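Residues 2 to 108 in the numbering used here are what the sequence shown spells out, letter by letter.
Virtual Cβ for every residue (Gly too), placed ideally from N, Cα, C.
Nothing here was measured: the structure is a model prediction, and the numbers come from that model.
Inspection log for the structure reproduced underneath, given as structure tokens.
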Amino acid sequence: MDKYNNLEKARKRYIPMSETMFYILFSLKQERHGYAIMQYVKELTKGRIILGAGTVYSSLGKLESDGLIGSAREEERRKIYAITPLGSEILHEEIARITELYNNVKE
């Protein structure tokens, strides 16, 4: 499948993106393992969102199988994930969508 088809498939599946998926993908702008993602999202949202391990690891599996993230390396039995160029493009488009929503309603 070519780059365009991968992007279109990802757009259809992930835009609009759930808040959970958004924060997981956003957190992987920096390489992280699953537990670090949970901690980062909790800190970023000031405790409003607390992700469970099942949610994180099932989401990571979907994102990885769809090519939005990849395994960067393994450290001490922990898989370290990183966003891919496709994931960065989808994240950028979702941020633009959210920004447009905000701009349309702000006074």
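Classify residue i: buried if its beta carbon has 16 or more other beta carbons within 10 angstroms, exposed otherwise.
i, result
"residue 11", "buried"
"residue 95", "buried"
"residue 24", "buried"
"residue 60", "buried"
"residue 69", "buried"
DSSP puts residue i in a beta bridge; with which residues?
i, result
"residue 71", "83"
Helix, strand or coil for residue i? Go by DSSP, reduced to three states.
i, result
"residue 76", "strand"
"residue 33", "strand"
"residue 63", "helix"
"residue 108", "coil"
"residue 102", "helix"
"residue 28", "helix"
"residue 52", "coil"
How big is the Cα-Cα spacing for residue i and residue j?
i, j, result
"residue 124", "residue 46", "This structure leaves residue 124 out entirely; the chain is present only between 2 and 108."
"residue 115", "residue 37", "Since the first residue shown for the chain is 2 and the last is 108, residue 115 is missing from the structure and cannot be characterised."
"residue 78", "residue 34", "10 angstroms"
"residue 105", "residue 7", "30 angstroms"
"residue 72", "residue 52", "20 angstroms"
"residue 177", "residue 86", "Absent from the structure is residue 177, since the part of the chain shown begins at 2 and ends at 108."
"residue 81", "residue 65", "12 angstroms"
"residue 97", "residue 41", "22 angstroms"
"residue 102", "residue 17", "12 angstroms"
"residue 44", "residue 50", "9 angstroms"
Indicate, with yes or no, if the ligand COA has a heavy atom lying under 7 angstroms from the CB of residue i.
i, result
"residue 42", "Here there are no bound small molecules, and the ligand COA is not part of this structure."
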